[in-house]
Every structure is written in C-alpha cells, then in structure tokens.
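Undergrad:
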Amino acid sequence: MRRLLVLALCIFIGAIGGGAIGGETRAAESADEFTVEKWNALEARSAANDVGAQGLTKGYLAGVRDALRFYSKVGETFRLCWPKDHEVDDALIRNIVNAVVKEHPDMAKPDDNFAYLVVLSLYNVYPCR
296 MRRLLVLALC
306 IFIGAIGGGA
316 IGGETRAAES
326 ADEFTVEKWN
336 ALEARSAAND
346 VGAQGLTKGY
356 LAGVRDALRF
366 YSKVGETFRL
376 CWPKDHEVDD
386 ALIRNIVNAV
396 VKEHPDMAKP
406 DDNFAYLVVL
416 SLYNVYPCR
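Going by the numbering used here, the final residue of the sequence shown carries number 424, and the count climbs one at a time with no gaps.
1) What's the call for A348, buried or exposed, on a 16-neighbour Cβ count within 10 Å?
2) In chain order, what residues of the same chain have a beta carbon less than 6 Å from the beta carbon of F373, not counting five sequence neighbours either side?
3) On the DSSP letters alone, give me the boundaries of the alpha helix (DSSP H) that A362 sits inside.
4) Can you check whether the CB of V392 is closer than 8 Å to the CB of L416?
5) Please name the residue in T330, S367, K368 and E371 whose C-alpha comes closest to that of T352.
6) In whole angstroms, give me the CA-to-CA distance for K333 and F409.
7) Below 8 Å between beta carbons: does that hold for Y411 and C376?
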C-alpha cells in the first residue's frame, strides 16, 4: 500500500509540472519521503496564496484519493511486484506509462481514472508471478 501511495505521489507531482516552483515545494517534489513537515510548509504557503503550493497540495491529495479509490477496487486483481533494485520514481513510472500507452493506445478510455491507466501500465511490466 505504501508503494502505491508513493507511486501516486510521484505521478501526480510529475503531472502537475512542479519545477517552476521554488523553496520547500521543490524540495517536497524531489524528496523520497513526503513528510508531515513538508506538508505543513506547503499548507502554509498555500494559505499565503502561493499558487504553485496550492496546485501541489491539490495534486497530491487528488493522487492519494485516486490511489486509495483504485486500490480498494482492484488491489488484489492487479498485484504489482516492484523489483527491489528499482526506485519508485516519477521518471521511470512516466516512461513505463508512456511506452505502454504507445504500444496499446486503446488500453484505457479517455474518461477512465488516471490511476487505472498507471496501474495497468505497471502491471504490464511488473506483474506478480
């Protein structure tokens, strides 16, 4: 479950295009662990009308929400076995999703939950056997 949440964080932070944002926001998006301290810093910046921090917090919450909804429905159906020597990072996940979508463009419908496409793509590469 923790890996799925980290996966969701990587995907949604990458999707909202962080990098043009400075300070704590950039540190939060590149860190392996999204800590309560980093969340509190982002919330403080959001409360101060920092649009980048607001986008990052909304994207993170949406990613966690989607991951939890999706996992509760298909967690046992599409079990992922992530190799121990692979880090869960947004670049690897993005490359896998893009490659699988290119190979199977009809895998998901446009109105499908994005988490569905991500899990199907990763399941295509890292299924438990």
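Each residue gets a CB set at the ideal place from its N, CA and C atoms; glycine is no exception.
No experiment lies behind these values; they were computed from the predicted model shown.
TA: Quick look at the numbers:
1) buried
2) V414 and Y418
3) V346 to V369
4) Strictly speaking, residue 416 in this sequence is Ser, with Leu absent from that position. Yes; because the gap between Cβ atoms is below 8 Å, this pair is in contact.
5) T330
6) 25 Å
7) no
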